[in-house]
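Down below is the structure, laid out as structure tokens.
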Amino acid sequence: METLSHLADGFAVAFTLQNLALALLGCFLGTIIGALPGLGPSNGVAILIPVAFTLGLPATPALILLTSVYYGAMYGGRISSILINIPGDEPAMMTTLDGYPMARKGQAGEALAISGIASFVGSFLATWGLAFLAPQLVNVALLFGPAEYFALYFLAFATLGGVSSRNQAKAAFAAALGLGIAMIGVDGQTGVPRLAFGNVHLYEGIDFLIAIVGLFALSEVFVFLEERAAGTGLDSKSAVKLGRVVPPVAMLKETSGSMIRGTILGFLAGVLPGAGASLGSFMAYSMEKRLKDKNSTFGKGDPRGVAAPEAGNNAAAGGALVPMLALGVPGSGTTAVLLAMLLALNVTPGPLLFTQKPDIVWGLIAALFIGNVMLLALNLPMVSIFVRVLMIPTRFLMPIVAMVSFVGIYGISGSTFDLMVMIIFGVLGWILRKYDIPLVPVIMGVLLGNAMEVNLRRAMTISDGDWSILVGSPLAIALWLLGIAGFLFPIVAGRFFRPPQPIEDRVAEGD
Amino acid sequence: MSDRILGGIGILLAAFYIWQSTLIEESFITDPVGPKTFPIIIGIVMALASLVMVLKPDAEPHWPQFRSLFEIGLTVAVMVAYTYLLPLAGFVIATIFAAGYLSWRLGAKPIESVLAGVCISFGIYAVFHLALGLSLAKGPLGI
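For the record, the sequence lines run as chains A and B. Reading the first sequence from the start, the letters are residues 36 to 546 in the numbering used here. Reading the second sequence from the start, the letters are residues 33 to 175 in the numbering used here.
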């Protein structure tokens with residue numbers, strides 16, 4: 036029961052006034068960010084990282100603030116799905132299928148309550164899963180040498196494309212683009228400048244925070260501008276009446292099974308590399324439909340069709356933290372963004388983090404438990420506050436997003452050059468989205484490129500230039516094979532496992 | 033067709049990237065792999081991915097009409113101007129213009145957008161500078 040004693044220490048870390056206040060603030064902001072269409076967990080966390088960073092918060096409080104935002108956004112996404120049929124973020128897409136019909140039937144309050152409770156069940160159980168599974172994974176990770184890490188990075192990139200893109204070539208292109216950008220700057224091992232074209236600004240490399248804010252947040256502004264100019268933007272849809280926000284006991288009983296099944300599937304989808312919360316909610320919904328849709332009530336406002344995907348996407352959010360914390364390899368867009376924050380704070384996730392700085396890990400996990408309880412409180416009795424926030428029209432919201440992006444990046448360095456690079460990434464992100472090229476592999480490439488190369492070179496130094504070390508252990512071979520299978524599988528059988536296209540294009544990118 | 037063009041650009045980019053990688057100067061400190069190899073591998077992956085895009089293009093993406101493109105171009109220009117205006121005019125004044133422009137282009141009425149610009153600018157200044165102590169660009173007026 037080592038885990039429990041660690042967890043108790045974690046609660047001691049998290050139970051300070053400052054950390055509790057940050058968790059509450061994060062949950063509140065996160066729910067708003069999740070609820071607003073156009074702002075999702077990844078771009079919401081992205082614009083807040085530079086802010087948290089320049090505020091000079093130490094690692095643990097900063098991490099608590101931003102993971103609360105992450106969990107909060109997962110809760111909040113459902114609000115706009117149910118009320119206005121536009122998912123607040125990508126993982127909440129499946130919730131529109133039964134949530135909106137429920138709202139049309141005058142059961143908006145019940146739908147919000149059931150989905151709120153499902154979110155709580157999903158993320159609460161997943162946080163337990165995280166607390167028990169992550170240390171186990173750490174034990175495995177301790178067996179990893181540089182060659183195995185290199186293979187693991189390959190696995191992460193190869194499987195990432197499988198779900199987030201419909202075209203493996205485009206996913207590979209995105210990963211190469213990100214890795215290529217990461218190579219810019221002075222080589223850490225030999226000290227020679229690479230691909231900097233003599234520009235002194237580029238010697239330090241391109242800051243991944245700038246890339247993330249540009250690709251995720253600023254590109255969103257361009258997407259909205261384009262829609263507006265083309266006249267396809269839909270303006271304020273009238274929200275439905277709330278009704279009572281207390282779930283009837285019978286409905287709770289009816290949906291409890293769906294919540295548990297959704298949680299298990301979602302957690303598994305979250306832990307697997309490259310799957311993420313969107314797949315978690317998709318799998319949870321499809322399975323629930325296959326199992327329980329006897330009178331074909333699904334899609335017409337069945338509460339089980341709301342409970343399952345919501346439990347699924349929140350459980351996946353917790354599950355995705357497992358590989359991110361234990362291996363340092365994120366499984367989804369938002370965990371990639373969280374990884375960026377850790378790196379910015381000079382914290383390197385992985386097995387060493389658990390042994391050397393356990394207070395950060397367990398403080399974070401404890402904060403997630405606390406945040407969950409706060410989120411349940413925020414999302415049941417106080418949900419009407421967030422419903423009002425939904426009424427902010429994009430013509431005021433998007434300028435705020437753009438300006439906060441500028442403020443955050445300017446705060447890091449105060450340099451005009453960095454702001455220009457951010458604008459370039461914003462335009463790049465818009466173009467890539469037009470081409471249906473996933474942004475998450477680009478971000479992962481920028482983030483992990485240097486670590487991947489360092490591990491390759493370390494392995495080769497150990498073997499004195501013999502490339503066969505890369506497949507020199509059964510573990511490494513297994514990772515390579517998994518990666519290759521994960522890359523090829525979607526090409527063969529992808530059709531059956533992929534979430535459908537977003538109904539509306541104005542869904543925040545990534546999960 | 034769009035995918036073919038992108039693939040073509042990708043191949044050119046990859047070729048340029050590989051060429052630039054071969055030009056990386058070796059330092060006196062060396063390791064078996066050296067600073068060139070990994071960038072070259074990345075370039076090859078990019079070239080292969082681009083080649084597949086040329087050979088097997090997806091359906092045409094929905095390209096915006098000239099009007100939307102012009103709109104985005106103009107907004108980029110405004111953002112670039114904003115970054116240069118920041119150190120000259122200070123955060124508050126520069127942001128009133130930039131935020132006002134954005135909200136106007138996103139559909140606010142002229143008076144509304146002026147109000148939005150002023151509110152967003154002072155709002156961010158109050159929250160991020162006065163409350164949170166973040167350093168923002170200072171202009172001649174000190175704000």
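All C-beta atoms, glycine included, are put in the ideal place defined by N, C-alpha and C.
Residue i (DSSP reduced to helix, strand or coil)
i, result
"proline 228 of chain A", "strand"
"glycine 73 of chain A", "coil"
"valine 77 of chain B", "helix"
"valine 364 of chain A", "coil"
"valine 221 of chain A", "strand"
"tyrosine 470 of chain A", "coil"
"lysine 392 of chain A", "coil"
"glycine 180 of chain A", "coil"
"threonine 370 of chain A", "helix"
"asparagine 490 of chain A", "helix"
"glycine 174 of chain B", "coil"
"tryptophan 176 of chain B", "One cannot answer for residue 176 of chain B here, as it falls past the ends of chain B, which runs 33 to 175."
"phenylalanine 60 of chain B", "coil"
"isoleucine 121 of chain A", "coil"
"threonine 496 of chain A", "helix"
"lysine 288 of chain A", "helix"
"valine 542 of chain A", "Because valine 542 of chain A carries a pLDDT of 47, less than 50, the predicted location of this residue cannot be relied on, and no value is offered for it."
"asparagine 202 of chain A", "coil"
"methionine 33 of chain B", "coil"
"leucine 45 of chain B", "helix"
"methionine 109 of chain A", "helix"
"aspartate 337 of chain A", "coil"
"phenylalanine 159 of chain A", "helix"
"glutamine 142 of chain A", "coil"
Minimum C-alpha distance to residue i - residue among the options
i, options, result
"leucine 411 of chain A", "A/Phe185, A/Ser150, A/Gly446", "A/Ser150"
"glutamate 262 of chain A", "A/Leu64, A/Lys469, A/Gly484", "A/Lys469"
"tryptophan 397 of chain A", "A/Gly157, A/Trp163, A/Ala87, A/Ala70", "A/Trp163"
"valine 462 of chain A", "B/Ala109, B/Gly66, B/Pro142, B/Ile143", "B/Ala109"
"isoleucine 128 of chain B", "B/Leu147, B/Ser100, B/Phe60", "B/Leu147"
"isoleucine 589 of chain A", "A/Gly141, A/Met438, A/Pro126", "As shown, chain A starts at 36 and ends at 546. That puts residue 589 of chain A outside it, with no answer to give."
"arginine 619 of chain A", "A/Ile459, A/Phe159, A/Ile117", "Past the edges of chain A, shown from 36 to 546, lies residue 619 of chain A, and the structure says nothing about it."
"glutamate 103 of chain B", "A/Phe259, A/Asp501, A/Asp471, A/Leu415", "A/Phe259"
"leucine 415 of chain A", "A/Leu244, A/Leu52, A/Phe63", "A/Phe63"
"tryptophan 51 of chain B", "B/Gly42, B/Gly75, B/Pro89, B/Leu38", "B/Gly75"
"isoleucine 444 of chain A", "A/Ser40, A/Thr102, A/Ile84, A/Ala70", "A/Ile84"
"arginine 339 of chain A", "A/Leu380, A/Ala285, A/Ala355, A/Pro358", "A/Ala285"
"leucine 164 of chain B", "B/Trp136, B/Gly155, B/Gly132", "B/Gly155"
"isoleucine 56 of chain B", "B/Arg36, B/Ile143, B/Thr69, B/Leu80", "B/Thr69"
"tyrosine 135 of chain A", "A/Phe404, A/Gly112, A/Phe88", "A/Gly112"
"arginine 146 of chain A", "A/Gly157, A/Val156, A/Thr130, A/Phe159", "Checking the sequence, you will find alanine at residue 146 of chain A rather than arginine. Among A/Gly157, A/Val156, A/Thr130, A/Phe159, the Cα nearest to that of alanine 146 of chain A is on A/Thr130."
"alanine 79 of chain B", "B/Ile43, B/Val112, B/Ala121, B/Arg137", "B/Ile43"
"glutamate 92 of chain B", "B/Phe48, B/Ile37, B/Ile73, B/Ser53", "B/Ile37"
"valine 256 of chain A", "B/Ile73, B/Ala47, B/Val86, B/Ala131", "B/Ala131"
"isoleucine 68 of chain A", "A/Pro509, A/Phe46, A/Val418, A/Tyr105", "A/Tyr105"
Rounded Cβ spacing between residue i and residue j (contact assumed at less than 8 Å)
i, j, result
"leucine 190 of chain A", "proline 386 of chain A", "Not confirmed; about 17 Å, so no contact."
"valine 475 of chain A", "isoleucine 241 of chain A", "Valine 475 of chain A to isoleucine 241 of chain A, Cβ: 17 Å. No contact."
"proline 76 of chain A", "aspartate 124 of chain A", "6 Å"
"isoleucine 478 of chain A", "isoleucine 121 of chain A", "About 24 Å; that fails the 8 Å criterion."
"glycine 366 of chain A", "glycine 297 of chain A", "In fact, because the Cβ distance is near 18 Å, the residues do not count as touching under 8 Å."
"glycine 61 of chain A", "serine 115 of chain A", "Not confirmed; about 20 Å, so no contact."
"phenylalanine 333 of chain A", "lysine 324 of chain A", "5 Å"
"isoleucine 119 of chain A", "leucine 57 of chain A", "In fact, because the Cβ distance is near 30 Å, the residues do not count as touching under 8 Å."
"alanine 312 of chain A", "proline 428 of chain A", "About 27 Å separates the two Cβ atoms, so there is no contact after all."
"leucine 360 of chain A", "alanine 169 of chain A", "5 Å"
heavy atom of the ligand GDP below 7 Å from residue i C-beta
i, result
"glycine 122 of chain B", "Because no ligand of any kind appears in the structure shown, any question about the ligand GDP cannot be addressed here."
Contact between the region 346-356 of chain A and the region 142-157 of chain A is defined here as three or more beta-carbon pairs at a separation below 8 Å; is this criterion met? yes
Quick check: the region 420-440 of chain A against the region 96-103 of chain B, are there 3 or more CB pairs under 8 Å? no
Using 8 Å as the threshold, is the region 438-452 of chain A in touch with the region 219-230 of chain A, meaning 3 or more CB pairs across them? no
Touching or not, the region 367-382 of chain A and the region 480-488 of chain A, by the rule of three or more beta carbon pairs under 8 Å? yes
With contact counted as at least three CB pairs below 8 Å, one residue from each stretch, are the region 351-367 of chain A and the region 290-304 of chain A in contact? yes
Touching or not, the region 287-294 of chain A and the region 495-509 of chain A, by the rule of three or more beta carbon pairs under 8 Å? no
Report yes or no: do three or more beta-carbon pairs, one from the region 178-186 of chain A and one from the region 521-528 of chain A, lie closer than 8 Å? These segments do not touch.
Using 8 Å as the cut-off, can you tell me whether the region 422-432 of chain A makes contact with the region 216-223 of chain A, which would need three or more C-beta pairs spanning the two stretches below that distance? no
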